[in-house]
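Here the structure comes first, spelled out in structure tokens, and everything after it is commentary.
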Amino acid sequence: TLSVALSLLTFTSAIADQPIRGVVELFTSQGCSSCPPADALLEELAQQRGLAVLSLPVDYWDRLGWKDTYGSPVHSARQRGYAAARGDRAVYTPQAVVNGVRHMNGADRSEIEASVDLLRSSISIPLDVSRSSATLRITIGAAPITAAVQTATLVLLPYLARREVAIGRGENAKRRITYTNIVRSIDVIGTWTGTGRTIERPMMHDTEADGAFILLQTGTPEAPGPIIGAAQISFAN
């Protein structure tokens, strides 16, 4: 009907030059003196097409004299979960995790880019995200279930696109550091078992966010595994 057609037109699709081929999660801290080069690199990587980059400030360095203004125990738990899933106990800052699989120093551009190229085929499930004034609509494609991938979790991560922080104390005292795509929450919003499906979720009017990442990820929230689908949407008008 005409009313249905008009309602569908109110949705704005995510704008992407090409599908996301890589997801780089940077575990960082305002209280870590070795983190600013990684933070600066993430800002540069954010300009690459097909690459989703996320800053996840941790809270465990707050004891060094400066409380990270974006630090979250949820981010620290995700980092520890990755280490548990890998079985290597490697938790440090700055740490980059690519596609939920490989970790490396977050300031090592060559290793990050090599890992993105190596793992680009792992992100294979199509995700489409669109929004209206009141609703996020996420569509997940269908794919054959394999022994390695039988189920996955759909995770929503609202973010702040760019913020500059003046640090008053601690290892980075008197520095002004720019942070890119700062994750504000990590919310499980659905599951996927190989069948295509659409999930609708109310827009986040009660939280400050410039956009959101949507990840389709194997494993569990406590021990996240490889990312097999990814999308990003801006909330800017």
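Be aware that the sequence shown starts at 447, since it is given in our numbering, and climbs by one per residue. Each residue gets a CB set at the ideal place from its N, CA and C atoms; glycine is no exception. All values reported here derive from a predicted model rather than from experimental measurement.
Pairwise C-beta distances place the segment 536–549 in contact with the segment 462–477, as three or more of them are shorter than 8 angstroms.
Under DSSP, the beta-bridge partners assigned to Asn551 are Gln541. A check of alpha carbon separations from Asp633 across Ile613, Lys513, Pro667, His549 identifies Pro667 as the nearest.
In the structure shown, the three-state DSSP call for Ser631 is coil. A check of alpha carbon separations from Val575 across Leu603, Tyr625, Gly640 identifies Leu603 as the nearest. Here Asp563 is exposed: its Cβ has fewer than 16 other Cβ atoms, across all protein chains shown, within 10 Å. At the C-beta level, Leu488 and Val499 come within 7 angstroms of one another.
Bounds of the beta strand (DSSP E) holding Arg608 are 598–612.
Looking only at Ser680, Gly675, Asp534, the smallest Cα-Cα distance to Ile571 is reached by Gly675. At a cut-off of 3 residues, the continuous stretches assigned as beta strand (DSSP E) that sit fully inside the segment 461–520 are 468–474, 497–503. Exposed is the label assigned to Gln596, since fewer than 16 other Cβ atoms lie within 10 Å of its Cβ. Contact between Ser631 and Asp656 does not hold, since their C-beta atoms are separated by about 13 angstroms, which reaches or exceeds 8 angstroms. Between the C-alpha atoms of Asp514 and Arg526 there is a straight-line separation of about 18 angstroms. Where Gly546 is concerned, there is no enclosing beta strand (DSSP E), because DSSP gives it neither an H nor an E.
Taking C-beta atoms as the reference points, Ser567 and Arg548 fail to come closer than 7 angstroms. The alpha carbon of Ala607 has as its nearest neighbour, out of Arg532, Ile613, Tyr516, the alpha carbon of Tyr516. Close CB contacts of Ala531 within its chain, under the 8 angstroms cut and outside five residues either way in sequence, are with Gly665, Ala669, Pro670, Gly671 (chain order). Just measuring C-alpha positions, the residue of Val543, Gly587, Tyr528 sitting nearest Thr644 is Gly587.
The beta carbons of Pro482 and Ile623 sit closer together than 7 angstroms. The shortest CA-to-CA distance from Ile635 to any of Arg609, Cys478, Val601 is the one to Val601. Cβ neighbours of Gly533 within its own chain (closer than 8 angstroms, five residues either side excluded): none.
Nearest to Glu654 by alpha-carbon distance, out of Gly642, Tyr605, Glu617, Pro503, is Tyr605.
When the five nearest sequence neighbours on each side are left out, the beta carbons in the same chain lying within less than 6 angstroms of the beta carbon of Ala529 are those of Arg535, Ala536, Val537, in order along the chain. Taking C-alpha positions only, Arg467 is separated from Leu497 by approximately 6 angstroms.
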